[in-house]
Structures are given as structure tokens and as C-alpha cells.
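Residue numbers (the numbering used here): 1316 to 1598.
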């Protein structure tokens, strides 16, 4: 390569890097550096009591937030052995909660709370090779499919017919079967929550070594048959606290009406009594 041409290319590259750095510093945006692609901009942080809000959150139609934590588990469900509640979702006015039991559990459970407050439970007997973990519940935009995740390294997301909303879902008291799974094109670790942004895209919070928000792009909208999900990393979740130690990424919610993305992160002890809820908007 001629030396003068090489210098010109290096100068252009340096200018591009400087412009990108300036944009990130000024705007606080995260995501792709391409000007043609939208980015997520951090717009605020709020805090909730970890006992009632550290496991997840979901946005209601009026814009208010529903939170879930250890203290959110109703006594009747706790007595029945359901000791962990995951990241919830709200669809068509119904609240969907993901529950799991102890280490010897052979089932997981989804609780559906109607707009009038009546709660109905749906159990799923673990299939061959299925983990007992039930980290989250996320309902597809058409209301027909309920997506969940396990724990550790996962190459799939689980899909069920949405109780109450999908006519093919069984009645309470009978086993809730899996439908066609989402096969991921690369493994993910410790996914704490996912939420749909549209019929073919989910955003997920990962509590891997690098706490981050992932995007899963589906080949097509869910229809009860197997589908492939293409995984990409969007941005790291901030870890800010006066306490030092390990943070834990938790639930995630996308409010489609207001275009707001919220991600939860629990700080290290002793600051873990409050959970940070970080809000992003798309630019």
C-alpha cells in the first residue's frame, strides 16, 4: 500500500474513533456505533425494596410497575412448596408469574392472576433433561405463547401455550406441555428475564460474568413450532454502588407503549437491601 494512502486511511480511522468516543461521552448511548442503527440511552435510575422487588418487574397499561421479590410469594403458594418467583409479565391485563420449588422439585409452575385478582395455577412436569429452574415468564405480543428460561448455560428458551389466552392451553390441574422451543445459535448464561419488543425480538438480562442485555432475534414469530433465535450482545448493565463486591443482574421489562426499557441490578452486600431499576429509551 502506498505510504501516503496508508496515512490518509489511518487519519480517517482516527477521526472516526474520536467522533464515536465523543458521541458516547456526550449522549450516554449504548449499543451499535453505527449512526443508522438505533441505540439505547440511559435515562434514569430508581430504587425498590429488594424483598419485594429484586426478582423482576412488569409494566402495567397505565405505566405503573409491578415488582416481584421473595416477599411477593403468597403464603398459600409458599406452603405448597413454591419458594422462588421469577421475572413476571403482564399481557391483556393478566399477570404471569414463574415459580419454582426446591432442589428436588419435579415440576415448575405458572400463576396467572386475572384483572379481578383471581389467581389460577398451571403446573408443568419436568421433561427429560429439563432443569427445575423457572427464571421468568414472557408472553408474546399476540398473547399466544409463554417463553421461559432455565439456568446456567442454555442453548434454548422454553415455549408453552399461554394459559388462559391460548385456546390450546390445558385447563388448570392438567399438565402444561411445552410447545416448539427457541433454539439459540449460541449459548447464553444465567438469563434472569426476557421481554418481547416485537413479535420476533426479545431483550434478555444475563447474569453472566459480564452483566449484559442480550437480544434474541427469531426467524419468525412464535407459532408453536421450533424456531431459531439469533443471539447478540447489546450493552453491559451498569454496576454502580458504594458497596464493593458482586452485583446480580435480575429482571427486565419493555414498555412498548412508552418505549421504555428497564433492567434491574442488585448491588453487593450490605447495599443489596435496595435494587436499582435502570431505565433506557431508544434513540
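From the three backbone atoms N, C-alpha and C, an ideal C-beta is built for every residue, glycine too.
Subject >> residue 1393, enclosing alpha helix (DSSP H) - first and last residue >> reply: Position 78 of the chain shown, counted from the first residue, corresponds to residue 1393. DSSP places residue 1393 inside the alpha helix (DSSP H), whose first and last residues are 1390 to 1394.
**OP:** Just list the beta strand (DSSP E) runs in the segment 1467 to 1510, keeping only unbroken ones of 3 residues or longer that don't cross its boundaries, in chain order.
**Re:** Here the runs fully enclosed are 1468 to 1476, 1497 to 1504.
**OP:** Given a cut-off of 8 Å, decide if residue 1448 and residue 1414 are closer than it, judged by their beta-carbon atoms.
**Re:** Working through the chain shown from its first residue, we reach residue 1414 at position 99. Working through the chain shown from its first residue, we reach residue 1448 at position 133. With respect to residue 1448, residue 1414 sits apart: the two C-beta atoms are not nearer than 8 Å.
**OP:** Quick one: grab the DSSP three-state call for residue 1315.
**Re:** This structure gives no information on residue 1315, because the portion of the chain shown stretches from 1316 to 1598.
Subject >> DSSP three-state assignment for residue 1387, whether helix, strand or coil >> reply: Working through the chain shown from its first residue, we reach residue 1387 at position 72. Reduced to three states, the DSSP call for residue 1387 is helix.
Subject >> Inter-residue Cα distance where the pair is residue 1425 and residue 1500 >> reply: As a working note, residue 1425 is residue 110 in the chain shown. As a working note, residue 1500 is residue 185 in the chain shown. Taking the straight line from one Cα to the other gives about 27 Å.
**OP:** Give a yes or no on whether the C-beta atoms belonging to residue 1401 and residue 1452 are separated by under 8 Å.
**Re:** For this step, residue 1401 is matched to residue 86 along the chain shown. For this step, residue 1452 is matched to residue 137 along the chain shown. Contact flag set, yes.
Original post:
For residue 1558, which of helix, strand or coil comes out of DSSP?
Top reply: As a first step, residue 1558 must be located in the chain shown, where it is residue number 243. Looking at residue 1558 - three-state DSSP - the assignment turns out to be coil, as it is neither helix nor strand.
Subject >> Endpoints, the beta strand (DSSP E) within which residue 1552 is located >> reply: Reading the chain shown from its first residue, position 237 is the one you call residue 1552. Per DSSP, residue 1552 is not a residue of any beta strand (DSSP E), being assigned neither H nor E.
**OP:** Please state whether DSSP places residue 1576 in a helix, a strand or coil.
**Re:** Counting from one through the chain shown, the residue named residue 1576 turns up at place 261. Strand at residue 1576.
Original post:
From residue 1486 to residue 1554, what does the alpha carbon distance come to, in whole angstroms?
Top reply: Locating residue 1486 in the chain shown gives position 171, counting from the first residue. Locating residue 1554 in the chain shown gives position 239, counting from the first residue. Rounded to whole angstroms, residue 1486 to residue 1554 spans 43 Å at the Cα level.
Subject >> Nearest to residue 1573 (by Cα), restricted to the options 1527, 1565, 1597 >> reply: Sequence index remark: in the chain shown, residue 1573 carries index 258 (1-based). Closest in C-alpha terms to residue 1573, from the list 1527, 1565, 1597, comes 1597.
Original post:
What is the DSSP secondary structure of residue 1380, counted as helix, strand or coil?
Top reply: For the purposes of this step, residue 1380 is taken as residue 65 along the chain shown, with counting starting at 1. In this structure, residue 1380 counts as strand in the three-state DSSP scheme.
Original post:
Which residues in the same chain have their Cβ closer than 6 Å to the Cβ of residue 1579, if we skip the five residues on either side of it in sequence?
Top reply: To locate residue 1579, count along the chain shown from 1; it is residue 264. 1565, 1566, 1590, 1592, listed in sequence order.
Subject >> Per DSSP, cross-strand counterpart(s) of residue 1526 >> reply: What you label residue 1526 is simply residue 211 of the chain shown in a count that begins at 1. Under the DSSP definition of a beta bridge, residue 1526 partners with 1522.
**OP:** Classify residue 1513 as buried or exposed, calling it buried when 16 or more other Cβ atoms lie within 10 Å of its own Cβ.
**Re:** Counted from its first residue, the chain shown places residue 1513 at position 198. Label assigned to residue 1513: exposed.
Subject >> Reference residue 1355, options 1436, 1430, 1531, 1551, closest by Cα >> reply: Taking the chain shown and counting its residues from 1, one reaches residue 1355 at position 40. Ranking 1436, 1430, 1531, 1551 by Cα distance to residue 1355 puts 1551 first.
Original post:
Can you pull the DSSP bridge partners for residue 1517?
Top reply: Numbered from its first residue, the chain shown carries residue 1517 at position 202. Here residue 1517 is bridged, per DSSP, to 1511, 1531.
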